[in-house]
Structure formats: structure tokens, C-alpha cells
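**Student:** Those protein sequences? They're chains A and B, same order as listed.
Note that our numbering has the first sequence beginning at 27, numbered continuously upward.
Note that our numbering has the second sequence beginning at 27, numbered continuously upward.
All C-beta atoms, glycine included, are put in the ideal place defined by N, C-alpha and C.
Starting off with a structure, shown below.
Protein chains: 2
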Amino acid sequence: MDNEKAPRTESRTAGVVRHLEELIFGGGLEPGQFLPSEGELATTMGVSRLTVREGVRTLQARGLLEVRHGRRPAIAHPNADPLSGFFAASLRRDPRNLLELIEVRLALEVHATTLAAQHATSTALTSLDLAFSTMGQADDEESFNQADVRFHAVLAAASGNQMISFLVEAMDEPMRQSRLRSLRGHLARGRTMDDIMDEHARILAAVRDRDARGAAEAMREHLVQTRMDLRAFLTLPTSDADD
Amino acid sequence: MDNEKAPRTESRTAGVVRHLEELIFGGGLEPGQFLPSEGELATTMGVSRLTVREGVRTLQARGLLEVRHGRRPAIAHPNADPLSGFFAASLRRDPRNLLELIEVRLALEVHATTLAAQHATSTALTSLDLAFSTMGQADDEESFNQADVRFHAVLAAASGNQMISFLVEAMDEPMRQSRLRSLRGHLARGRTMDDIMDEHARILAAVRDRDARGAAEAMREHLVQTRMDLRAFLTLPTSDADD
DNA sequence: GGTTGAGGACTTATCTGATATGTGCGATGG
DNA sequence: CCATCGCACATATCAGATAAGTCCTCAACC
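Here's what the structure looks like:
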């Protein structure tokens with residue numbers, strides 16, 4: 027049996043996807059610029075408009091194209107949407123993935139903090155101050171968590187490494203949502219807001235002092251604490267029942 | 027201007043995507059099981075088959091569905107495809123992202139190595155041995171690099187953290203390809219294969235000894251070396267011209 | 001002159017219906 | 001018992017048509 031289970035000929039949609047990728051990556055087009063219309067693409071590639079649409083849809087899901095009704099498809103600016111989608115989906119599939127994700131955050135954000143302490147621009151430091159004080163002004167848990175996520179995002183951005191920044195953004199937001207959903211009601215949060223503020227304050231201070239090692243250690247402690255809280259919630263969630 | 031740029035009514039495709047997500051996440055379906063056929067979905071959702079197809083295509087691109095000609099769409103097993111796509115696209119857009127990615131690897135793989143030293147099962151250790159000896163048997167640069175990537179993947183898997191495993195897999199493969207493409211010809215690789223084998227040997231030995239700190243340090247040194255090589259290649263590629 | 005708003009060209013969103021092709025199961029026959 | 005051939009089902013792709021959003025133009029208006 028030399029029978030291949032793979033189709034002997036690449037599907038047309040797959041061909042369209044490759045063609046579009048070449049346009050995007052090698053076509054000398056910058057983010058924000060427009061591709062030819064679906065109709066034109068269909069003609070030049072010798073397929074129906076429908077097939078072009080499926081390809082465009084795929085590239086859109088990958089975060090490479092921006093599609094809006096009435097406008098030609100545009101090259102997307104690099105963004106973290108595909109990552110967010112991936113992490114969000116992982117958490118929806120199994121909330122226990124929170125524990126796996128926190129390990130990734132631990133690795134990534136500690137390193138990001140080191141880099142931030144070494145390379146942060148003064149502008150970035152200002153943003154960090156702002157994010158921190160926003161946390162202090164939050165009065166309810168909802169907005170506090172939101173400000174918390176923002177602090178981490180700003181810190182990651184201060185590392186100067188966009189890839190790290192994307193990953194942190196993409197992980198923190200779905201984690202926060204997932205946490206909120208599961209914690210709704212019982213705010214048996216191991217630590218108080220003040221504890222958490224202290225932890226962030228230490229991080230901020232060390233970054234400002236350009237103390238890379240201290241900043242990294244402060245971030246590590248913060249995330250280890252968070253991990254402990256998370257473990258507590260995931261093991262004894264008692265009466266969580268379904269949603 | 028209270029004018030919303032967003033369409034007042036969610037597009038039908040978006041509705042289909044949400045509906046499918048609910049089937050996938052909350053429908054009590056396990057990976058490998060099948061969704062209703064496009065036709066049935068179209069009927070129950072009150073849209074045309076075409077619209078269903080677009081939604082299915084989107085979820086496929088996100089790695090949540092597996093679509094094959096002649097068979098109903100199946101729930102996909104969790105996989106790293108979306109991550110691979112993201113990193114591959116980032117590198118195609120700008121090869122300088124290699125330097126950003128190596129930082130992520132540094133953070134992630136060092137942590138993964140720590141976890142592996144602490145938690146690796148004996149089976150995982152055996153796989154690691156095997157991957158290491160495969161590296162030693164490689165005679166050309168191509169297969170050596172391939173075995174190298176495999177070693178890192180196996181090590182990440184040994185951490186017991188699937189999320190880390192996915193990320194490492196998704197980053198290492200595109201990085202290798204990108205590196206190969208840019209190095210084609212001048213194998214002015216800073217280190218020899220023997221150097222690299224030594225670095226891996228140190229990692230392996232420390233993991234076997236359950237020496238978490240030592241293993242992490244060995245991995246860190248390995249990746250710092252790799253980063254240096256990478257920097258050398260990206261800064262003095264001489265005739266790259268433009269920005 | 002500058003601003004506003006209607007008109008029209010262009011483009012995507014979605015529907016309908018039809019054909020081609022791959023999958024899988026069960027009947028058929030050795 | 002088992003290999004094989006149909007047939008029902010399902011996806012892949014095409015064609016043509018209508019609805020709806022976007023953007024530029026140009027004229028009317030203040």
C-alpha cells in the first residue's frame with residue numbers, strides 16, 4: 027500500500043494560504059497596507075472567491091490579517107491576539123492549567139523583571155509608577171485586579187522585549203478572568219490587598235534602583251505567593267459545582 | 027459622535043464561532059469526538075453552510091478543531107500548532123526577533139530544567155539519554171541541529187509542565203529553521219559541535235543527579251553561549267544593507 | 001472658504017444551489 | 001472469514017446573486 031492518507035494534491039485553500047503568506051511576508055507590504063480585494067486575488071490565483079475567503083479567514087485567525095466589512099484585507103500589526111486565544115482556550119479546557127501557566131509566568135516575568143531593571147527607559151519607569159499608584163487607588167477587587175494585570179504588562183513592556191511583553195499580556199488577562207470566575211463570592215484570598223501592594227512596591231523600588239537581582243527576587247516571591255494562593259483554591263474549592 | 031465603528035449586530039460568523047466554542051468547551055465533548063456536520067450546524071444555528079464553514083475554519087486555525095475532507099469536524103487534542111504559527115510568523119516578519127526569542131527561551135528553558143531535575147520520571151530520563159546519544163551520532167549539521175532541538179523538547183517535556191513543553195517546542199523549531207536559513211554556507215559557528223555536546227552533557231548529568239540548581243545553571247550557560255553566537259551572526263552579517 | 005451630506009463605486013458578508021471528491025460502513029461474493 | 005465494491009454521507013469548491021459597510025467625490029449650504 028503506497029496509499030498516502032494525505033491528499034495527493036495540496037488543497038486549494040492551503041495554496042491560497044501560502045500565496046497570501048508570501049504576499050504578507052515577502053511582498054514588501056508594511057503593516058496597515060492593503061491586500062488586493064478578494065475578487066482580484068481569486069482571479070490571479072485561479073480559484074473562486076469563496077476559497078480566497080477561507081484562506082483570508084485562516085490568516086485572520088492567525089493574527090496576520092485584519093478584515094473589516096467593506097474594506098480590503100489589511101496587513102495586521104504584530105499583536106498578541108493569537109497567544110491570548112491559545113491561553114484562554116487552554117484555561118477553558120481545563121482550569122487546572124492555571125497551575126501550569128503560573129509556572130510559565132514565574133519563569134518569564136522574573137526574567138522580564140531582570141531585563142526591566144537593567145534597561146527600562148525613564149518613560150517606562152514613569153508608566154510603571156502610574157500603574158502602581160492606580161493599583162493603590164482601586165477600591166473594589168475587580169478594578170484592583172485589573173490594575174494588577176496592567177502593572178505586570180507595563181513591567182513586561184519595560185523589559186524592552188516585545189515577545190516577552192506579548193506573552194505576559196496574553197497570559198495575565200485570561201488568568202485574571204479565570205481566577206475571578208472561580209473566586210467569585212468567596213474572597214478567601216490568602217493575602218490582603220495590602221500584602222499584594224507591598225510585594226509590588228518592592229518590585230517597583232528595586233527596578234527603580236536598577237537592582238536587577240533584587241527586582242527579580244521580589245518578583246519571584248510575589249509569584250510564589252500567588253502560586254500558593256492558587257494551589258489552595260484549586261485543591262479545596264469545595265462547593266464550586268459547575269458554572 | 028456616539029457613532030460606534032463596531033457593527034451594531036455581531037456578525038453571523040462571530041456568532042457561529044461562539045456557538046462552536048460552547049460546543050467544544052461546554053458541550054461535554056472529549057478530544058477526538060465529532061461535531062455535528064456542517065449541514066446540521068447550519069440548520070440548528072439558522073445560517074447557511076457557508077457561514078458555518080467560516081467559523082469552523084477559524085476554530086481550526088486556533089487549533090481547536092481538526093477538519094478533514096469527508097469527515098465531520100473533530101475536537102482537536104491540545105496542541106502547540108497555534109504557538110508554532112505565531113513564532114514562525116514573528117521570525118518571518120523580522121529575523122531580528124531571534125534575539126527576542128532567545129531571551130524567552132533563556133527564561134523558560136532554565137526554569138523547565140529546574141523542574142525537570144526535580145520531577146523527571148525515569149521514563150523521561152531514558153528519553154533524555156536517547157535524545158542525547160542521537161545528538162552524538164549525528165554527522166552533518168542538519169541532523170545535529172534536529173537532534174539538538176529534540177533534546178530540548180524532551181527536556182521540556184520532562185518538566186512535567188505541558189504548557190512549558192508546548193512553548194519550547196513551538197519556539198525551538200522555527201528558531202532552528204530561521205538560524206539554518208541565515209547561516210547557510212558560512213558555518214562560522216562560534217562553537218564546535220563538541221563544545222555544544224559538552225554543554226548538553228553537563229545539563230543531562232545535572233538533571234540525572236537531581237541537581238536542580240546545577241542543571242539550571244548549565245542550561246543558562248548553554249543558552250547564553252547560543253545567544254552570543256546569535257548576536258555575532260545578526261550584527262556582522264556584513265552586507266545586509268537597509269535598516 | 002470650509003463644512004456637511006447625499007451618491008455611487010467598490011468591497012466584504014451571506015445566501016442558494018450544484019458538482020466534485022474523500023470517508024466509512026455494510027452488503028456481497030469468494 | 002475476509003477482501004472488495006457500492007452507496008450514503010460529508011466536506012471542498014465553484015458560480016451567481018443580494019445585502020450591507022466603507023470611502024471618495026462633489027455639490028449644496030452656511
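Could you tell me if Thr139/A is buried or exposed, where buried requires 16 or more neighbouring beta carbons within 10 angstroms of its beta carbon?
**Tutor:** Counting from one through the first sequence, the residue named residue 139/A turns up at place 113. By the 10 Å Cβ count, Thr139/A comes out buried.
**Student:** Assign Asp174/B to one of two classes, buried (16 or more other C-beta atoms within 10 Å of its C-beta) or exposed (fewer than that).
**Tutor:** Mapped onto the second sequence, residue 174/B falls at position 148. Buried is the call here.
**Student:** DSSP state of Leu91/B, grouped into three classes?
**Tutor:** As a working mapping, residue 91/B is identified with position 65 in the second sequence. Looking at Leu91/B - three-state DSSP - the assignment turns out to be strand.
**Student:** Which residues bound the beta strand (DSSP E) around Pro99/A?
**Tutor:** As a first step, residue 99/A must be located in the first sequence, where it is residue number 73. That run of the beta strand (DSSP E) goes Arg97 to Ile101.
**Student:** Residues of chain B with CB under 8 Å from Ile229/A, in chain order?
**Tutor:** As a working mapping, residue 229/A is identified with position 203 in the first sequence. Within chain B, no residue comes near Ile229/A; the closest Cβ sits about 16 Å away, beyond 8 Å.
**Student:** Going along the segment 106 to 132 of chain B in order, which residues come within less than 8 Å of chain A, judged by CB to CB distance?
**Tutor:** Here the close residues are Pro108, Leu109, Gly111, Phe112, Ala115, Ser116, Arg118, Arg119, Asn123, Glu126, Leu127, Glu129, Val130 and Leu132.
**Student:** What does DSSP give as the partner residue(s) for Phe113/B in the beta ladder?
**Tutor:** As a working note, residue 113/B is residue 87 in the second sequence. Its beta-bridge partners do not exist; DSSP assigns none.
**Student:** If I measure Cβ to Cβ from Ala182/A and keep anything under 6 Å in the same chain, skipping five residues before and after, which residues do I get?
**Tutor:** The sequence position of residue 182/A within the first sequence is 156, counting from 1. Closer than 6 Å at the Cβ level, and outside the excluded window around Ala182/A, lie Ala138, Ile190, Ser191 and Val194.
**Student:** If we ignore side chains and look at the alpha-carbon of each, how far apart do Arg228/A and Glu243/A end up?
**Tutor:** Taking the first residue of the first sequence as 1, we reach residue 228/A at position 202. Taking the first residue of the first sequence as 1, we reach residue 243/A at position 217. Roughly 10 Å between the two C-alpha positions.
**Student:** Can you find a CB in chain A that lies within less than 7 Å of the CB of His45/B?
**Tutor:** Residue numbering aside, residue 45/B sits at position 19 when the second sequence is read from its first letter. For His45/B, the answer is no, since every Cβ of chain A falls outside 7 Å of its Cβ.
**Student:** CA-CA distance, Ala150/B and Ala184/B?
**Tutor:** Indexing the second sequence from 1 puts residue 150/B at position 124. Indexing the second sequence from 1 puts residue 184/B at position 158. Going by the C-alpha atoms only, they are around 5 Å apart.
**Student:** For chain A, check one thing: does any of its Cβ atoms lie closer than 7 Å to the Cβ of His178/B?
**Tutor:** Taking the second sequence and counting its residues from 1, the one referred to as residue 178/B is at position 152. Taking Cβ atoms only, chain A never reaches closer than 7 Å to His178/B, which makes this a no.
**Student:** If the cut-off is 8 Å on Cβ atoms, which residues from the segment 134 to 159 of chain A count as contacting chain B, listed in chain order?
**Tutor:** Hits within the stretch, in order: Leu134, Val136, His137, Ala138 and Leu141.
**Student:** Could you give the first and the last residue of the continuous alpha helix (DSSP H) run that contains Glu36/A?
**Tutor:** Residue numbering aside, residue 36/A sits at position 10 when the first sequence is read from its first letter. Counting along the chain, Glu36/A falls outside any alpha helix (DSSP H), and DSSP gives it neither H nor E.
**Student:** Taking Cβ-Cβ distances shorter than 9 Å, what residues in chain A pair up with Thr84/B?
**Tutor:** Counted from its first residue, the second sequence places residue 84/B at position 58. Arg83, Thr84, Gln86 and Ala87, listed in chain order.
**Student:** Anything in chain B within Cβ reach of Leu256/A, meaning under 8 Å, just list it in chain order.
**Tutor:** For the purposes of this step, residue 256/A is identified with residue 230 of the first sequence, where counting begins at 1. Under the 8 Å cutoff, chain B gives no residues; its nearest Cβ is about 14 Å from Leu256/A.
**Student:** For Asn171/B, decide whether its Cβ has a neighbour in chain A, counting only Cβ atoms nearer than 7 Å.
**Tutor:** Here residue 171/B refers to the residue found at position 145 of the second sequence. Judged by the 7 Å Cβ criterion, Asn171/B is not in contact with chain A.
**Student:** From Phe113/B, Glu64/B, Leu154/B and Pro121/B, pick the residue whose C-alpha is nearest to that of Ala100/B; which is it?
**Tutor:** Working through the second sequence from its first residue, we reach residue 100/B at position 74. Considering only alpha carbons, the answer is Glu64/B.
**Student:** Would you list the one or two residues that DSSP bridges to Phe259/A?
**Tutor:** Numbered from 1 along the first sequence, position 233 holds the residue referred to as residue 259/A. Phe259/A is not bridged to any residue.
**Student:** Between the segment 164 to 174 of chain B and the segment 99 to 113 of chain B, do three or more beta carbon pairs fall short of 8 Å?
**Tutor:** Taking 8 Å as the limit for Cβ pairs, the verdict is that the segment 99 to 113 of chain B does not touch the segment 164 to 174 of chain B.
**Student:** Quick one: is Glu195/B near chain A, going by C-beta distance under 7 Å?
**Tutor:** The residue you call residue 195/B lines up with position 169 of the second sequence. Chain A contact via Cβ: absent.
**Student:** Just to confirm, is the Cβ distance from Leu132/B to Asn123/B under 7 Å?
**Tutor:** Reading the second sequence from its first residue, position 106 is the one you call residue 132/B. Reading the second sequence from its first residue, position 97 is the one you call residue 123/B. No, the Cβ-Cβ distance between Leu132/B and Asn123/B is not below 7 Å.
**Student:** Please tell me whether Glu48/B has its Cβ less than 7 Å away from any Cβ of chain A.
**Tutor:** Start at 1 with the first residue of the second sequence, and residue 48/B comes out as number 22. Judged by the 7 Å Cβ criterion, Glu48/B is not in contact with chain A.
**Student:** What are the boundary residues of the alpha helix (DSSP H) that includes Gln172/B?
**Tutor:** Counted from its first residue, the second sequence places residue 172/B at position 146. That run of the alpha helix (DSSP H) goes Glu167 to Ala184.
**Student:** Are there 16 or more other CB atoms within 10 angstroms of the CB of Leu67/B, so buried, or fewer, so exposed?
**Tutor:** By one-based count along the second sequence, residue 67/B stands at place 41. Buried.
**Student:** Using a Cβ-Cβ distance cut-off of 7 Å, determine whether Ile190/A contacts chain B.
**Tutor:** Here the question's residue 190/A lines up with position 164 in the first sequence. With 7 Å as the cut-off, Ile190/A counts as an interface residue toward chain B.
**Student:** What residue from Leu249/A, Gly81/A, Thr69/A and Met219/A has the CA that sits closest to Leu134/A's CA?
**Tutor:** In the first sequence, residue 134/A corresponds to position 108, counting from 1. The option with the nearest alpha carbon to Leu134/A is Leu249/A.
**Student:** Just to confirm before moving on: does the CB-CB distance between Gln86/B and Val78/B stay below 7 Å?
**Tutor:** In the second sequence, residue 86/B corresponds to position 60, counting from 1. In the second sequence, residue 78/B corresponds to position 52, counting from 1. No, Cβ-Cβ distance for Gln86/B and Val78/B is not below 7 Å.
**Student:** Which residue's Cα is closest to the Cα of Arg257/A: Glu129/A, Met245/A, Val82/A and Ala164/A?
**Tutor:** In the first sequence, the residue the question calls residue 257/A occupies position 231. Measuring from the Cα of Arg257/A, the nearest candidate turns out to be Glu129/A.
**Student:** Quick check on the burial criterion: 16 or more other C-beta atoms within 10 angstroms. Buried or exposed for Asp198/A?
**Tutor:** As a position in the first sequence, residue 198/A is number 172, starting the count at 1. With 16 or more other Cβ atoms within 10 Å, it is buried.
**Student:** Just list the alpha helix (DSSP H) runs in the segment 118 to 167 of chain B, keeping only unbroken ones of 4 residues or longer that don't cross its boundaries, in chain order.
**Tutor:** List check, alpha helix (DSSP H) in window: 123 to 145 and 148 to 163.
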